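Chains as they are written, first to last, in this note's numbering: chain E, 364 to 804; chain W, 663 to 1124. Each residue gets a CB set at the ideal place from its N, CA and C atoms; glycine is no exception. Only a predicted model underlies this, so the values are computations on that prediction, with no experimental measurement involved.
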Amino acid sequence: MNKQAWIERAKELGLEQFEIYQALSSEKEFTWFQGEIDTFVTSKVLGTSLRAIKNGNVATLTLENVEDETMDEALNALAQQTEVITSTETVSLTEAQEVEIIENPHHFKMLTVEQIEQMLKNIESKALAYDSKIVQVAYLGYEQASGRREITNSLGVELSDEDQVQYVACSVVAQDKDSFKDATKIKVIFDHDSFDEDQFVKEVCEEALGKCGAHSIPSRMCPVIFEKDAMTSLLGAFTGLFSGDMIAKGISPLAKDLGKKVFSEQITIFDDPKNTDALSIASFDDEGYPTRRKVVVDHGVFEQPLFDARSAIKMNTKSTGNGFKSGYASSVHVSPMNMWIEPGNKDLDQLMETMQEGVVITDIMGLHAGLHFASTQFSLQASGYLVKEGKKSDPVTLITVAGRFLDLMNDVWEVGSDLEWTYKQIVSPSILFKNCAISGE
Amino acid sequence: MLSKQQLQRLLTLCMHSNADFAEIFEEEGSSEAISMLNNNVEDVNRVLRSGIGVRLYEGTRSVYGYTNVTDEKSLETMINDLRASLGKKEEGKEVVLTRETIENRHPIQIDPMEALLKDKVDLMLRASHTAFNESKEIEKVTVTMSGVKQHVQISNSDGKLVQDTRVRTRMTCAAYASDGTTLQSGTASPGASMGLEFYESTTPEEIGKEAVRIALVMTQAKPCPSGKMPVIIDNGFGGVIFHEACGHSLEATAVAKDQSIFCNKIGQQIASTKVTAIDDGTIPNAWGSQNVDDEGNPQQKRVLIKDGILQTYMIDTLNGRRMNMKSTGSSRRQSYKFEPTSRMSNTYIAAGTDTFEDMLSGIEKGLYAKKMGGGSVNPQTGEFNFAVQEGYLIENGKITDPVKGASLIGNGQEILMNIDMVGENLARAQGMCGSSSGSIPTDVGQPRLRVSSITVGGTANE
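This is the structure:
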């Protein structure tokens, strides 16, 4: 693709500003089932997303097959798209500015095919030998992926970066009398020697075995700990609260609460795409705007919404560098990257000791359906375990946990210390809440 | 699209390996999403898709490669990678393709991707204006129109060469009203494998009104009670109960690897005798229909459960090999970026004869779930959940107050046996189903039915 020729032609055709976003991704995935490689997937995909601005209106066209000969067709289609936009704000692309590039400290030494096969074989056999109740390794897969993104626009932005990852994922099934329980773990592998197969197998098998004997419990209101993974999922489902776009549209329940106390004063939330504790980092967002560290919520007070270029214009402010795409074909939208709740001082055992009697939620399911964003009402299938006299007790399944997220986050008893980044871009430590509705049998 | 000669050459190259089967899936097409907020068009996003997926089998093993770099040299490089992973051979089957012609059961009149943007915006404005005019309490209205045109060509080493074109349109309207403290919303999002003529039978005005109706009900709703109770689930999207509680567990994806609660149960009673369940990918112009599945096999009507007895699973070719069963034409994928597997199409519980009055009578305390949201299931354990978008209390045989914040959870095996009444008013509704071969359009459906006991998750504890 002759990018300069596209930029010049866009100008000739009356497009005031023009941006070319390209993402190249390559992946290799191996899955293992019952003693042999089950599937092997290899891919190489280049996606090109064009954004144009005409009369202050923005439109996006993504091409999976880019040829310079079809330049006029694509650019004219974009111009037509801008003509039907009737929203009132005048949108602008990112101007060229200094971007401080942070190097990602995480380096990967990719495994060879022989190492991958041996590792998967070992994990399956070790898991099946771990306990007689482990009856199947239902999924065992390894994936390596590398990606490159390039952003070029008519205002002089010319940026690129690369990212890579390799990980193993495993689901094991434990037989629990007449029923089955399962557990899944994902582990990032930096190099072959530092990956501890035995520890990985132990973690996934223990989680599945720990669910055996789980039962439902009668409905109740009680203290609840959302264990770190469950709390991370819940927080992730509500990060739209802080989206400048949702605030500008008046749909975020926090739309009128900037500068006000919205959560318990024990809650402080940061967002920093440059945080090198996280696996992926970005020195600039998908619009080419520099990223930075923000205190989103400071001791319960909503201090800083997240903005992309467009929502910033709507709110008469500047982008916070949070304009990201969920894939090359998606529009830019406001998104956190490397957001976390500041950890407290007590580990999970100490939180249980504080709680004495209640429920620890380890898994929540159905997040795409069981919550209502505008009211923050949620009702979600959950599993976990009971806590009696401050100690872990019976496993619990087929319950729901329900409430209003804004109420819950004002009902914090104590924030845990067990923040763990792993491969995630939004993380929370475990949090003990004073009261939450549990429904069961 | 590659020519017949190019495909024959590439498939023959694939077969110069330990593979006993090879398939090439080509895709070209476009999709579009237009978004509107409060009568203003905010965003127009178009995607022009083009790519190829190549799959080789050796027994029950598969290797798959996909790319949108589709010149023959790049494809050869990818195929050689795939051959190497199964073991290359100097000799192999010479593939000769025969083009199949298929009857198009899903004709369209107004191509949603070719129609003028202005015409689509006008349809969206009709929904948006209706929503605002319906009630002064409506504070915000969003409307999205999405369109897809997917042209596929599927060829394989058995000599199959077939093409299909899938066209869909869908409009989603969300209306927001305040209950005094927070915004409540209602959503309606019908769609079909049709062009813009769809909005002549399902009008934008109806879509806008339905979104407003639900939003206004929710402003009056009180917290939902908790615990096990009888639940009446109304028709249309209520069918998500079968989709989650049973449908996914009848896909060969789960069954072939002994990962479903319904393994080895053909011929056995797995549901109440009131339940007959069907997955039909042939319904003309339905949201989840295709002419051929994504392996090029004709879509079928599959009776999954008849009077409570399990009849068959939904099977794709590769999992069929593991199960020693033939494909049921159920192989689907989001795009060339996904290896296909067995998936649902338009799945519904057939109509029964029970009346609403009979269902209500005798319920002292229960829930009437008029509109359902989405849900999810773990086929391995059978545990599922789904959300209630619009629900009402049933007290002493009568429908009383609307309730909010409810979900229903349970175990698939148990819930199918607990369906004790099935009504007459069968209807289908549209959803997007996510699983290992991506996000695909599926219809869910059922008549009104009653579950004698299910766990309701709410916030009002007594």
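Worksheet item: What is the residue span of the alpha helix (DSSP H) that E/A675 lies within?
Response: Within the first sequence, the letter at position 312 stands for residue 675 of chain E. E/A675 -> alpha helix (DSSP H) spans 672-677.
Worksheet item: Name the chain E residues that come within less than 9 angstroms of W/R708, Cβ to Cβ?
Response: As a first step, residue 708 of chain W must be located in the second sequence, where it is residue number 46. Proximity of chain E to W/R708 at the Cβ level (cut-off 9 angstroms) is accounted for by A422, T423, L424, T425, A440, L441, Q444, in chain order.
Discussion item. Tell me which residue opens and which closes the alpha helix (DSSP H) that E/R372 is part of.
Written reply: One-based indexing of the first sequence puts residue 372 of chain E at position 9. First-last of the alpha helix (DSSP H) with E/R372: 366-375.
Worksheet item: Are the beta-carbon atoms of E/I588 and E/L795 separated by less than 8 angstroms?
Response: Residue 588 of chain E sits at position 225 when you count from the first residue of the first sequence. Residue 795 of chain E sits at position 432 when you count from the first residue of the first sequence. Less than 8 angstroms divides the Cβ of E/I588 from the Cβ of E/L795.
Practice prompt. List the endpoints of the continuous beta strand (DSSP E) containing E/P616.
Written response: The sequence position of residue 616 of chain E within the first sequence is 253, counting from 1. Looking at the DSSP string, E/P616 is not in any beta strand (DSSP E), and its letter there is neither H nor E.
Worksheet item: Name the chain E residues that come within less than 7 angstroms of W/K780, Cβ to Cβ?
Response: The residue given as residue 780 of chain W occupies position 118 in the second sequence. Those are V447, listed as they occur along chain E.
Worksheet item: Which residues of chain E have a Cβ atom closer than 7 angstroms to the Cβ of W/D705, listed in chain order?
Response: Taking the second sequence and counting its residues from 1, one reaches residue 705 of chain W at position 43. Under the 7 angstroms cutoff, chain E gives S694.
Item to complete: Name the one or two DSSP bridge partners that E/F633 has.
Response: Here residue 633 of chain E refers to the residue found at position 270 when the first sequence is read from its first residue. E/V658, E/W703, per the DSSP bridge assignment.
Worksheet entry | E/L807 - DSSP class collapsed to helix/strand/coil | Past the edges of chain E, shown from 364 to 804, lies residue 807 of chain E, and the structure says nothing about it.
Discussion item. Do W/V757 and W/M677 count as a contact pair if the criterion is CB distance below 8 angstroms?
Written reply: In the second sequence, counting from the first residue as 1, residue 677 of chain W sits at position 15. In the second sequence, counting from the first residue as 1, residue 757 of chain W sits at position 95. Note that the C-beta distance between W/M677 and W/V757 is below 8 angstroms.
Discussion item. Quick check on the DSSP output: what are the complete alpha helix (DSSP H) runs of length 4 or more inside the region 702-785 of chain E, in order along the chain?
Written reply: The region 702-785 of chain E contains, as complete alpha helix (DSSP H) runs of 4+ residues, the segments 711-718, 768-771 (chain order).
Fill in: Proximal residues to E/N638 (C-beta, below 6 angstroms), its chain only, five neighbours per side dropped
Start at 1 with the first residue of the first sequence, and residue 638 of chain E comes out as number 275. Contacts found: N701.
Item to complete: Identify the continuous beta strand (DSSP E) that holds W/K1032 and give its terminal residues.
Response: For this step, residue 1032 of chain W is matched to residue 370 along the second sequence. Residues 1027-1040.
Worksheet entry | Neighbour flag for E/T760 against chain W, beta carbons, 8 angstroms | Position 397 of the first sequence holds residue 760 of chain E. It does: the Cβ of E/T760 has a partner Cβ on chain W nearer than 8 angstroms.
Discussion item. I need the boundaries of the beta strand (DSSP E) containing W/C908, first residue and last residue.
Written reply: Locating residue 908 of chain W in the second sequence gives position 246, where the first residue counts as 1. First-last for W/C908: undefined, no H or E at that position.
Worksheet entry | 8 angstroms Cβ cutoff met for E/L503 and E/F605 | Taking the first sequence and counting its residues from 1, the one referred to as residue 503 of chain E is at position 140. Taking the first sequence and counting its residues from 1, the one referred to as residue 605 of chain E is at position 242. In terms of Cβ geometry, E/L503 and E/F605 do not form a close pair [threshold 8 angstroms].
Item to complete: List the whole-angstrom C-beta distance separating E/M715 from E/K755, where the pair is believed to meet the contact cut-off of C-beta under 8 angstroms.
Response: Position 352 of the first sequence holds residue 715 of chain E. Position 392 of the first sequence holds residue 755 of chain E. Between the beta-carbon of E/M715 and that of E/K755 there is about 7 angstroms, and that keeps the pair under the 8 angstroms contact cut.
Worksheet item: Which first and last residues belong to the beta strand (DSSP E) in which W/G1119 is found?
Response: Residue mapping note: residue 1119 of chain W aligns to position 457 of the second sequence, counting from 1. From DSSP, the beta strand (DSSP E) with W/G1119 extends over 1111-1119.
Worksheet item: Below 8 angstroms between beta carbons: does that hold for W/N1047 and W/I1071?
Response: Position 385 of the second sequence holds residue 1047 of chain W. Position 409 of the second sequence holds residue 1071 of chain W. In contact: W/N1047 and W/I1071 (Cβ atoms closer than 8 angstroms).
Worksheet item: What is the DSSP secondary structure of E/G510, counted as helix, strand or coil?
Response: Walking along the first sequence from the start, residue 510 of chain E turns up at place 147. Three-state result, E/G510: strand.
Discussion item. Under 8 angstroms, CB to CB, which of the residues in the region 716-733 of chain E have a partner in chain W?
Written reply: Here the close residues are M728, G729, H731, A732, G733.
Worksheet item: Tell me the DSSP bridge mates of W/K1066?
Response: As a position in the second sequence, residue 1066 of chain W is number 404, starting the count at 1. BP columns for W/K1066 point to W/P885.
Worksheet item: Out of curiosity, what's the CA-to-CA distance linking W/V709 and E/N439?
Response: Here residue 709 of chain W refers to the residue found at position 47 when the second sequence is read from its first residue. Here residue 439 of chain E refers to the residue found at position 76 when the first sequence is read from its first residue. It is roughly 15 angstroms from the alpha-carbon of W/V709 to the alpha-carbon of E/N439.
Worksheet item: Distance, Cα to Cα, W/N897 vs W/L669?
Response: In the second sequence, the residue the question calls residue 897 of chain W occupies position 235. In the second sequence, the residue the question calls residue 669 of chain W occupies position 7. In a straight line, the C-alpha of W/N897 is about 46 angstroms away from that of W/L669.
Practice prompt. Could you confirm whether any beta carbon from chain W is found closer than 8 angstroms to the beta carbon of E/W369?
Written response: Locating residue 369 of chain E in the first sequence gives position 6, where the first residue counts as 1. Output row for E/W369: interface = no.
Worksheet item: By the 10 Å Cβ neighbour count, where 16 or more other Cβ atoms means buried, how is W/E1124 classified, buried or exposed?
Response: Here residue 1124 of chain W refers to the residue found at position 462 when the second sequence is read from its first residue. For W/E1124, the pLDDT reaches just 47, beneath the cut-off of 50, and the residue's location in the model is therefore unreliable, leaving the point undetermined.
Item to complete: Would you mind reading off the limits of the alpha helix (DSSP H) that contains E/C568?
Response: The residue you call residue 568 of chain E lines up with position 205 of the first sequence. E/C568 -> alpha helix (DSSP H) spans 560-573.
Practice prompt. Return the chain-ordered list of same chain residues with a C-beta closer than 8 angstroms to the C-beta of W/D820, the five sequence neighbours on each side being excluded.
Written response: The residue labelled residue 820 of chain W in the question sits at position 158 within the second sequence. Non-local C-beta neighbours of W/D820 in its own chain, meaning closer than 8 angstroms and more than five positions away in sequence, comprise F683, ordered along the chain.
Discussion item. So E/D545 contacts chain A; which residues on that side make the cut at Cβ distance below 8 angstroms?
Written reply: Absent from the structure is chain A; the protein chains it does hold are E and W.
Worksheet entry | Partners in chain W for E/E804, counting only beta-carbon separations shorter than 7 angstroms | Translated into the one-based positions of the first sequence, residue 804 of chain E becomes position 441. Those are K890, T1117, listed as they occur along chain W.
Worksheet item: Which residues of chain W have a Cβ atom closer than 7 angstroms to the Cβ of E/S517, listed in chain order?
Response: Translated into positions along the first sequence, residue 517 of chain E becomes position 154. Within chain W, no residue comes near E/S517; the closest Cβ sits about 20 angstroms away, beyond 7 angstroms.
Worksheet item: W/Y975: which of W/V965, W/D969, W/P774 sits nearest, CA to CA?
Response: If you number the second sequence from 1, residue 975 of chain W lands on position 313. When each option's Cα is compared against that of W/Y975, the closest is W/V965.
Worksheet entry | Start-end ranges of the alpha helix (DSSP H) lying completely within the region 826-903 of chain W, minimum 4 residues | Entirely contained in the region 826-903 of chain W, the alpha helix (DSSP H) runs reaching 4 residues are, in chain order, 860-863, 866-881.
Worksheet item: With a cut-off of 8 angstroms, does the C-beta of W/G809 fall near any C-beta of chain E?
Response: Position 147 of the second sequence, counting from 1, holds the residue named residue 809 of chain W. The C-beta of W/G809 comes no closer than 8 angstroms to any C-beta of chain E.
Practice prompt. Quickly, what does DSSP pair E/E628 with across the bridge? List them, please.
Written response: As a working mapping, residue 628 of chain E is identified with position 265 in the first sequence. DSSP output for E/E628 lists no bridge partner at all.
Item to complete: Classify W/R745 as buried or exposed, calling it buried when 16 or more other Cβ atoms lie within 10 Å of its own Cβ.
Response: Along the second sequence, one-based indexing puts residue 745 of chain W at 83. With 16 or more other Cβ atoms within 10 Å, it is buried.
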